[in-house]
Amino acid sequence: DAGVTQSPTHLIKTRGQQVTLRCSPKSGHDTVSWYQQALGQGPQFIFQYYEEEERQRGNFPDRFSGHQFPNYSSELNVNALLLGDSALYLCASSLDAWGTYEQYFGPGTRLTVT
Amino acid sequence: QQPVQSPQAVILREGEDAVINCSSSKALYSVHWYRQKHGEAPVFLMILLKGGEQKGHDKISASFNEKKQQSSLYLTASQLSYSGTYFCGTIKTSYDKVIFGPGTSLSVIP
């Protein structure tokens, strides 16, 4: 059973560019959440997708947007990249009802903005 | 609001015990614990739900004091493999987002 997969593993972009990160959830999971993790910090919640809709959103600007496809995979898009967007971006999948079910994290995409 | 974790870091010798604490100023529905090894993804350890239900790792124990909005993770007879950063995540309602704490770095040495 494949776990959560993310692509690409690493990415280097220039300020002002746009980036798309991809995530495939664990088999059987219908909910995908995205997190940003800066070095030495805990994961910060960006947003969550369920049934192809954004269900929850953290304190991130509109430059961060996402999408969920019918097969439950998801994309995270970041526009107008800033140096401060450099971080590890984690995708996590779960069954519905967060409060009750564990999340399975992917290995992450390391984004460097120069 | 981000939960507070203590201690920030701890170093143990193999076989020693440790307790990691997590506290919130808000009423909580559940507390989640994850461990992240360097360069790897966080891995689920435990969920503690309001009302006393627990789900998780057989070899790890934890508690959740609903009145004080505090949770503690108990690591007994530590092994080298326990090294990593431990994050607690708090949830206010069953459909709310997880807010992760800043983490506790645990190092187990021979």
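These protein sequence lines map, in sequence, to chains U and L. Under the working numbering, residues -8 to 105 are what the first sequence spells out, in order. Under the working numbering, residues 20 to 129 are what the second sequence spells out, in order. Cβ atoms here follow ideal geometry from the backbone N, Cα and C, with glycine treated the same way.
Would you say residue i reaches chain L, if we count a Cβ-Cβ gap shorter than 8 Å as a contact?
| i | result |
| --- | --- |
| residue 44(U) | no |
| residue 81(U) | yes |
| residue 91(U) | yes |
| residue 34(U) | yes |
| residue 98(U) | yes |
| residue 40(U) | no |
| residue 49(U) | yes |
| residue 27(U) | no |
| residue 9(U) | no |
Would you call the CB atoms of residue i and residue j closer than 8 Å?
| i | j | result |
| --- | --- | --- |
| residue 104(L) | residue 123(L) | yes |
| residue 76(L) | residue 66(L) | no |
| residue 127(L) | residue 102(L) | yes |
| residue 37(U) | residue 28(U) | no |
| residue 91(U) | residue 68(L) | yes |
| residue 104(U) | residue 4(U) | yes |
| residue 72(U) | residue 99(U) | no |
| residue 20(L) | residue 45(L) | yes |
| residue 55(L) | residue 106(L) | yes |
| residue -5(U) | residue 63(U) | no |
| residue 84(U) | residue 11(U) | no |
| residue 65(U) | residue 40(U) | yes |
With DSSP run on the structure shown, which of helix, strand or coil describes residue i?
| i | result |
| --- | --- |
| residue 103(L) | strand |
| residue 75(U) | helix |
| residue 110(L) | strand |
| residue 50(L) | strand |
| residue -4(U) | strand |
| residue 92(L) | strand |
| residue 43(L) | coil |
| residue 37(U) | strand |
| residue 27(U) | strand |
| residue 28(L) | strand |
| residue 57(U) | strand |
| residue 4(U) | strand |
| residue 117(L) | coil |
Within 8 Å (strictly less), CB to CB, does residue i reach chain U?
| i | result |
| --- | --- |
| residue 46(L) | no |
Should residue i be listed as close to the ligand PLP, given that the test is whether its C-beta is under 7 Å from any heavy atom?
| i | result |
| --- | --- |
| residue 16(U) | Looking for the ligand PLP in the displayed structure turns up nothing, as the structure carries no ligands at all. |
For the putative contact between residue i and residue j, defined by C-beta atoms under 8 Å, what is the C-beta separation to the nearest angstrom?
| i | j | result |
| --- | --- | --- |
| residue 82(L) | residue 35(L) | Incorrect: roughly 19 Å between the Cβ atoms, too far for contact. |
| residue 48(U) | residue 70(U) | With a Cβ gap of about 16 Å, residue 48(U) and residue 70(U) do not count as contacting. |
| residue 109(L) | residue 22(L) | 5 Å |
| residue 68(U) | residue 9(U) | 7 Å |
| residue 61(L) | residue -1(U) | Actually they are not in contact, since the Cβ atoms of residue 61(L) and residue -1(U) sit about 20 Å apart, beyond 8 Å. |
| residue 39(L) | residue 92(L) | 4 Å |
| residue 57(U) | residue 25(U) | 6 Å |
| residue 125(L) | residue 88(L) | Wrong, their Cβ atoms sit about 23 Å apart, outside the cutoff. |
### Message
Can you pull out the residues from the segment 110 to 122 of chain L whose beta carbon lies closer than 8 Å to at least one beta carbon of chain U?
### Response
110, 112, 113, 114, 115, 116, 117, 118, 119, 120, 121, 122
### Query
If you measure beta-carbon to beta-carbon, which residues of the segment 77 to 110 of chain L are closer than 7 Å to chain U?
106, 110
### Query
What residues in the segment 55 to 75 of chain L have a beta carbon less than 8 Å from any beta carbon of chain U?
59, 60, 61, 62, 63, 66, 68, 74, 75
### Task
Return the residues of the segment 55 to 72 of chain U that lie within a Cβ-Cβ distance of less than 7 Å from chain L, sorted by chain order.
none
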